[in-house]
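Here is the structure we will look at, set down as structure tokens.
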């Protein structure tokens, strides 16, 4: 047997190493892809749990508000108060369940809710009933704001790259002016995952009295935060969350550029 021919048929070590390196590159890319997917799944889980925790806290607040605000806002001297109060409570409790389940209120549910409210208005037997209905309507609006504010994560739409012209006046009025202050940024950031009392905001910003109220009012006028009820906690709105997400992305970009 010719040994030279056999040796010539042996695998070239350089080709073998190339083949191994190629396979290692494939494995490395696959591991990286799995890690990125796992990190995203972990992030999604954290966001979902944060929304659920916040939703449960909101549900407690809303339930307490229904009882106390109805008692305070309804006409006191009325033989139908007890019956109407229970009807109103059942009506508002439906939205509490939506909050607990971290659901978005679709158009059909919204239409049904307003239709039921109109039905109660039309069926009201006395002129003074409008005071009680107005209180229910006010509570309903607060609930709808809470439901909107639960949209903590907006997803891919924030990756929009369309740079067609937009309204400079709207951006300045609703975004730049309300947020162009260190204390106002501190205020809205502190509400990212929980409500804040006036005292807590004072401690966070170091401001008191009229100075703090001025900055709170600026954020409220811009539709970025709202107060649950008079002397109640402050919460970030859906619009406020969107602005926080945009600012966070901008901050990441600036960090990478520096």
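Numbering (my numbering), first residue to last: 732 to 989.
C-beta atoms are modelled at their ideal positions from N, C-alpha and C, and glycine is treated no differently.
Please read these numbers as outputs of a predicted model, since none were measured by experiment.
1. At the level of alpha carbons, what is the spacing between residue 954 and residue 971?
2. Exposed or buried, which one is residue 965 when buried takes at least 16 other CB atoms within 10 Å?
3. For residue 935 and residue 870, which I take to be in contact (beta-carbon distance under 8 Å), what is that distance rounded to the nearest angstrom?
4. Leaving aside the five residues before and after residue 793 along the sequence, list all residues of the same chain whose C-beta is less than 7 Å from its C-beta, in chain order.
5. Could you say if the region 930-947 and the region 904-918 meet the contact criterion of at least three C-beta pairs nearer than 8 Å?
6. Judging by CA-CA distance, which residue of 858, 865, 857 and 860 is the nearest neighbour of residue 845?
7. What does DSSP give as the partner residue(s) for residue 957 in the beta ladder?
8. Skipping 5 residues on each side, what residues in its chain have a beta carbon closer than 7 Å to that of residue 854?
9. Around the C-beta of residue 909, are 16 or more other C-beta atoms found within 10 angstroms, so that it is buried, or is it exposed?
10. Report all residues from its chain with a CB closer than 7 Å to the CB of residue 868; omit the five preceding and five following residues, and keep chain order.
11. DSSP beta-bridge partners for residue 927?
12. Spatial neighbours of residue 939 within its chain, please: CB distance less than 6 Å, with the 5 preceding and 5 following residues excluded, ordered by chain position.
13. On the CB-based measure, 16 or more other CB atoms within 10 Å of its CB, does residue 902 come out buried or exposed?
14. Leaving out the 5 sequence neighbours to the left and right, which residues in its chain are closer than 8 Å to residue 952 when beta-carbon positions are compared?
15. Is it right to say residue 889 is buried, meaning 16 or more other beta carbons lie within 10 angstroms of its own, or is it exposed?
16. Our contact map puts residue 813 next to residue 805 with C-beta atoms below 8 Å; I'd like the distance itself, whole angstroms only.
17. Cα separation between residue 922 and residue 928?
18. Could you compute how far the alpha carbon of residue 973 sits from the alpha carbon of residue 913?
19. How should residue 819 be labelled, buried or exposed, when 16 other C-beta atoms within 10 angstroms of its C-beta is the threshold for buried?
Taking the definition as stated:
1. 7 Å
2. buried
3. About 29 Å; that fails the 8 Å criterion.
4. 827, 830, 874 and 877
5. yes
6. 865
7. 966
8. none
9. buried
10. 848
11. 965
12. 933
13. exposed
14. 909
15. Caution is warranted here: a pLDDT of 40 is assigned to residue 889, below 50, making its placement in the model unreliable, and no coordinate value can be reported.
16. Incorrect: roughly 10 Å between the Cβ atoms, too far for contact.
17. 10 Å
18. 18 Å
19. buried
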